[in-house]
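Trainee:
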Ligand SMILES: Cc1ncc(C[n+]2csc(CCOP(=O)(O)OP(=O)(O)O)c2C)c(N)n1
Ligand SMILES: Cc1ncc(C[n+]2csc(CCOP(=O)(O)OP(=O)(O)O)c2C)c(N)n1
Ligand SMILES: [Mg+2]
Ligand SMILES: [Mg+2]
């Protein structure tokens, strides 16, 4: 199987779906000749032309609003938001319109739109090029929220997202774009939206993570294994709808839960996972439910030591998991 | 002490603060001659004139953005969003700008703005006039989030909010505007932003709520008392920053926690309260942490039986608390 | 040239809308419905626009005052009555949405929210899809003049202008946004004046004259079909009623002002034109009035006995594709 | 009339900005800084505007390319170097923000984010506060032409137009938004043409000629002070560098195009004017160049040895008023 980077897998997913379905098109800032500021759409403008790879005006609200309109008409738009940080101007369209169209029309109208955005810190991006925004959207019924942690999943999940009749928020850990490599089959495959994946089995403590933090969690588990602590690592992958079953089964096995994300702690995605565990796995627990997250400050600072302080990393994850395992 | 309604207390708070500080002004849709669609600003246009009670263009983003600008200059704007449902167009300004100004400038700039919005369901408002939006903002470091449940607190907290050097989101349970009455002292007072309040002591189960749900929780506690179940009711009042101490002390006493809100369940504010309890009160707990919330659908439906199904009420709260007390 | 039959049909649609709308106010006063928002005074703009387009083919993104527009598209008084009362058979949303939040798949009317201006970029997106597919459909989207203050509105129109999309932006300028007059919304005389800054054709039309509206919309629709891009049409009219059943307009405008505008009632103007042309006789008018009353009576009676939605699986379903909608 | 000294001072500010900006590119190539975004080619518009206003009195909401504007306001090369390297003494944010996210309390420059167009409504709000207090201050806010596609921008300008606020909206039209040409952003020839739809004065100026910019801004500032409202000024210029240190502009524009524009370098244009007027001699120029080099060298040297911020209580503090900022 060929190995490729995360961003190559994402590009391949779009390429294949555009070849398969003439209704699929891309709209976003600099997605055309430039191929996207991260090069996710590189080569697609040349291959599919400017009517299917559309350079949008610098206005996220209408990138999404126009996408919704085209989707209502039967197209399959992929809206690229250049950085997740710039998704807020489109918040009203995503939360108030895309998420509610199916429900409010009693199923008469659907909005099959995919909204892709690179997210996350650790890239010296400061407050406005580092943000994690998944919690806002995972709170909204009617949206699916997907975050891949590796090329295989990224490709399979993005293809599923493009075919999904519902709006899907697809957040890509940009620090991993070129860092994370993995095998991707040549033949066509899909990864279903919904199920989480246990990416490493263990009996001592469950670590729940996604995106870049899942990549780090696996590294932390390696470190712990050398100390004799067997961490189970769960890649949540689909944040909404949440896969309660996998989460609860894992906690049943280990009795201990650590949730990791780079988004800030308060009402970050970990709050929901912790709440689910506290309600439905109460009798399985033999330690407090722990969250390791970005601190509650308004964004990732730019300066190296401050960024380092903000971001969870394999060491911090290992420390938190170790402490929990020893509880 | 004179008795008054929730909305009268809110109006009085603004009136007093405008009289006290010439920098305080109101900006929003229909706040002038019309006195606001809920009449919160009734009489203030006549008293303070059109330069201090400003009818804004129909555009929430700039209601907040203009408020932020004026606040940077040293004014104390109160921005009224006509319904909480219409706050999303201003999301970028609130989350990206107001919340971060102090932090990103290392304290050089502050944004003393109050953003008021009526929220909540049960008023036949359907998907777009019923929403609870507090969880989005409570997730954002740099914002204070306040929800009063009675006239006394509403007045005291709003006056504190207006004097606060930070951006404060002030959400008002609109179903209670005229329904909830209470005594309000003639003399000047403030209620500090921060502390929750134990509004009824009990030993069997803690019910955490705010706004309209707190009003219902007290009614539920009355019903339970007749059955011999003593529920403790905690009015969270300030959602951000959260008052962990009061929450944890209450759980220590009762060993059982029920969190109630009308916002939908997943990643609603209850998730954070549950996660805090699951982490810091683990050894005090003798039952699963329970959440009672609006179902995970994209908004409160309009039709009476559907609205009834969506909304928590005293009976539903009593049922959940009873079950928990008997665990 | 419009045929006599068509003219009569246009008049009839306005009349039916008016009588239905008036009945809604009565039902609200009687406590039989929770809410009403009115299109009275705006029927000419709405019906004139629809008749200039191809029903069942072109696309429509209306706003909450577009009762008459919806009736012209095939939505019935019974549909409206069911929706007002939140009954299960409400075809727009099965009772989930407040009334006047339209949706009608059969007439290419996507579901609308209450959040003003959100439909503008949807209209552009539909226009883009039409252009991408090389079709000759046209999109009409309506909005109030106050709502053109939203950045949303501007962004949607800008898209259509840049890509020369087949979209007609019809602004129903009724001079108020709840209590706020148009001078609080913009520093230009009216929405049509905004067109020059956006790079599309902008025109004003007397929105109380259904035939003038028809002419203008027909003309710009033809342009759109020829690939000559979008237009912004401002229909000047007046909101004769309070903003909604929750409003009390005496706090912000005089009775004299409202009375003066009632003299420019679009229904009376159309009636006068058609009487003069001999299309409408007193007898015909009486017939139509009786028919409208009967239809509205029946609609309300039907809706009142119709069942409420029940709480079942359907009510918790938030995603398409979980069941097959065969 | 500008004095010789002032003209020389204007030139000097442009020159210093240019040399500092060039050094940033070098530092980035050397891996000594993480990021740079350039103002090269835009200095005339920025410096011309500041000199037409009252520093320390009027208010400024710049955008990320406004290095020269900031230097004109008293921000120093050392300040910039500290910020580029995320050092503790960075006066804009103590290392929290990326470079070029300006803030300078002493010069009435509120802290800026990276999210384009957000400063526009802030500028209107400051203008409103000035008007409410009856003062004669003026607000200048800058933005790129691409960013005027944001609904945000429109809403902010609309406020200023409605209330006739003392705000100057300076659009630096450098013809690209990253890779997208202005035709992808709007259906009018340029941002100045948007003014007619918003109801304010709109003008174009040659943004490569510092003295023309000065004249126009001085004139509209005077108008604003007299209570005659806001203006929209489009400075036509060209982005000579790639968008930022992360960009590769060869993917979307030809080298010939860029070279052609280098001939309209605002620094050379100002130099030619001043040489012709006898204000600038070869000797003086040499002096200034040497001085600029010295200042930039020192700034970089200082910043490189300066300490990083430490993780202390200050870094977790998100609310004002928890401590007294005495
Ligand atoms: C984003 C948003 N903000 C506020 C409202 C509340 N609201 C409903 S209608 C209305 C006035 C609309 O005025 P206009 O656009 O002129 O339309 P009209 O009602 O006069 O036809 C307002 C403020 C809303 N629906 N959406
Ligand atoms: C809301 C938002 N979306 C996207 C970006 C990413 N971005 C930064 S600069 C830029 C282009 C801006 O172009 P223009 O306004 O013309 O200014 P210029 O950079 O050309 O000076 C983009 C898309 C951003 N900063 N903010
Ligand atoms: Mg109106
Ligand atoms: Mg540009």
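Residue numbers (the working numbering), protein chains in the order written: chain P, -12 to 314; chain S, -12 to 314; chain F, 3 to 328; chain R, 3 to 328. C-beta: ideal position from N, C-alpha, C; glycine also. The structure displayed is predicted, hence computed values, not measured ones.
How would you list, in chain order, the residues of chain F whose beta-carbon sits under 7 Å from the beta-carbon of residue 128 (chain P)?
Mentor: The answer, in chain order, is 320.
Trainee: Run the CB neighbour count on residue 328 (chain F), radius 10 Å, all protein chains shown included, and call it buried at 16 or more, exposed below.
Mentor: With a pLDDT of 39 at residue 328 (chain F), under the threshold of 50, the modelled position of that residue is not reliable, and no figure is offered here.
Trainee: Quick one: list the residues of chain S neighbouring residue 313 (chain F), beta-carbon separation under 9 Å, in chain order.
Mentor: Under the 9 Å cutoff, chain S gives 292, 293, 295, 296.
Trainee: Along chain P, in chain order, which residues have C-beta atoms closer than 8 Å to that of residue 91 (chain S)?
Mentor: Per Cβ cutoff of 8 Å: 114, 285, 286.
Trainee: Is residue 148 (chain F) near ligand 3, with its Cβ less than 6 Å from a heavy atom?
Mentor: Under cutoff, so the answer is yes.
Trainee: Any heavy atom of ligand 2 closer than 6 Å to the Cβ of residue 206 (chain R)?
Mentor: No, since every heavy atom of ligand 2 falls outside the 6 Å radius drawn around the Cβ of residue 206 (chain R).
Trainee: Rounded to the nearest angstrom, how far is the Cβ of residue 133 (chain S) from that of residue 224 (chain S), given a contact under 8 Å?
Mentor: With a Cβ gap of about 7 Å, residue 133 (chain S) and residue 224 (chain S) count as contacting.
Trainee: Which of the residues in the region 141 to 175 of chain R, read from start to end, lie with their CB under 8 Å from any CB of chain P?
Mentor: Within the region 141 to 175 of chain R, the qualifying residues are 148, 149, 151, 152, 153, 154.
Trainee: For residue 68 (chain F), report the span of its alpha helix (DSSP H) as first-last.
Mentor: Here residue 68 (chain F) belongs to no alpha helix (DSSP H), and DSSP marks it neither H nor E.
Trainee: When you compare the region 102 to 112 of chain P with the region 155 to 171 of chain P, are there three or more beta-carbon pairs, one atom per stretch, that lie closer than 8 Å?
Mentor: Contact between the region 102 to 112 of chain P and the region 155 to 171 of chain P is present, because at least three Cβ pairs lie under 8 Å.
Trainee: So, with DSSP's three-state summary, where would you put residue 84 (chain F)?
Mentor: Three-state result, residue 84 (chain F): helix.
Trainee: Hey, how far is the Cα of residue 325 (chain F) from the Cα of residue 94 (chain P)?
Mentor: Summary for residue 325 (chain F): the model assigns pLDDT 45, below 50, so the residue's position carries little reliability, and this model does not support an answer.
Trainee: Under 7 Å between C-beta atoms, does residue 42 (chain P) make it to chain R?
Mentor: Closer than 7 Å to some Cβ of chain R, the Cβ of residue 42 (chain P) qualifies, so yes.
Trainee: Tell me which residues share the same chain as residue 68 (chain S) and place their Cβ nearer than 6 Å to its Cβ, disregarding the 5 neighbours each side in the sequence.
Mentor: Hits under 6 Å: 47, 74, 104.
Trainee: Out of P:298, P:237, P:86, point me to the one whose CA is closest to residue 118 (chain P)'s CA.
Mentor: Per the Cα distances, P:298.
Trainee: Would you mind listing the alpha helix (DSSP H) stretches within the region 65 to 145 of chain S that are 4+ residues and don't spill past its ends, in chain order?
Mentor: For the region 65 to 145 of chain S, whole alpha helix (DSSP H) runs of length 4 or above, ordered along the chain, are 88 to 91, 121 to 125.
Trainee: Skipping 5 residues on each side, what residues in its chain have a beta carbon closer than 6 Å to that of residue 30 (chain R)?
Mentor: Around residue 30 (chain R): 38, 247.
Trainee: Among all the DSSP beta bridges, which residues are the ones paired with residue 227 (chain S)?
Mentor: In the DSSP output, where bridge partners are listed per residue, residue 227 (chain S) has S:132.
Trainee: Would you verify that the beta carbon of residue 49 (chain F) is, or is not, closer than 7 Å to some beta carbon of chain R?
Mentor: For residue 49 (chain F), the answer is no, since every Cβ of chain R falls outside 7 Å of its Cβ.
Trainee: Quick one: any contact between the region 115 to 124 of chain R and the region 68 to 82 of chain R, if contact means 3 or more CB pairs under 8 Å?
Mentor: These segments do not touch.
Trainee: Which residues in chain R sit within 8 Å of residue 59 (chain S), going by Cβ to Cβ distance?
Mentor: Under the 8 Å cutoff, chain R gives 112, 124, 127, 128.
Trainee: Hey, which unbroken runs of the beta strand (DSSP E) at 3 residues or more fall wholly within the region 145 to 192 of chain F?
Mentor: Here the runs fully enclosed are 169 to 175.
Trainee: Report the option in F:213, F:128, F:317 whose CA atom is closest to the CA atom of residue 292 (chain S).
Mentor: That would be F:317, whose Cα lies nearest to the Cα of residue 292 (chain S).
Trainee: List the residues of chain R that residue 53 (chain S) touches, going by C-beta distances under 7 Å, in chain order.
Mentor: Within chain R, the residues near residue 53 (chain S) are 123, 126, 127, 130, 161.
Trainee: Using a beta-carbon distance below 7 Å, is residue 202 (chain R) in contact with chain S?
Mentor: With 7 Å as the cut-off, residue 202 (chain R) does not count as an interface residue toward chain S.
Trainee: Roughly how many whole angstroms lie between the Cα atoms of residue 275 (chain P) and residue 121 (chain S)?
Mentor: Cα to Cα, the separation comes out at about 27 Å.
Trainee: Any heavy atom of ligand 4 closer than 6 Å to the CB of residue 178 (chain R)?
Mentor: Because some heavy atom of ligand 4 lies under 6 Å away, the Cβ of residue 178 (chain R) counts as near it: yes.
Trainee: How is residue 328 (chain F) classed by DSSP in three states: helix, strand or coil?
Mentor: In this prediction, residue 328 (chain F) has a pLDDT of 39, which is less than 50 and means its spatial position is unreliable; what the coordinates show is noted afterwards. In this structure, residue 328 (chain F) counts as coil in the three-state DSSP scheme.
Trainee: Can you name, in chain order, every residue of its own chain whose Cβ lies under 6 Å from the Cβ of residue -7 (chain S), other than the five neighbours on each side?
Mentor: Around residue -7 (chain S): 138, 141, 163, 164, 167.
Trainee: Any idea which residues DSSP pairs residue 238 (chain F) with across the strands?
Mentor: BP columns for residue 238 (chain F) point to F:175, F:208.
Trainee: If you draw a straight line from the C-alpha of residue 220 (chain R) to the C-alpha of residue 191 (chain R), how long is it?
Mentor: Roughly 25 Å separates the two Cα atoms.
Trainee: Would you report the Cα separation of residue 202 (chain P) and residue 107 (chain P), rounded to the nearest angstrom?
Mentor: Answer to the nearest angstrom: the Cα atoms are 13 Å apart.
Trainee: If we define contact as Cβ-Cβ less than 7 Å, is residue 136 (chain F) a contact residue for chain R?
Mentor: Not one chain R Cβ lies under 7 Å of residue 136 (chain F).
Trainee: With respect to the beta strand (DSSP E) encompassing residue 157 (chain S), which residues constitute its N-terminal and C-terminal limits?
Mentor: Where residue 157 (chain S) is concerned, the enclosing beta strand (DSSP E) stretches over 155 to 160.
Trainee: Cβ of residue 166 (chain P) less than 7 Å from any chain R Cβ?
Mentor: Not one chain R Cβ lies under 7 Å of residue 166 (chain P).
Trainee: Give the DSSP bridge partners of residue 106 (chain F), in chain order.
Mentor: According to DSSP, which records beta bridges pairwise, residue 106 (chain F) is partnered with F:111.
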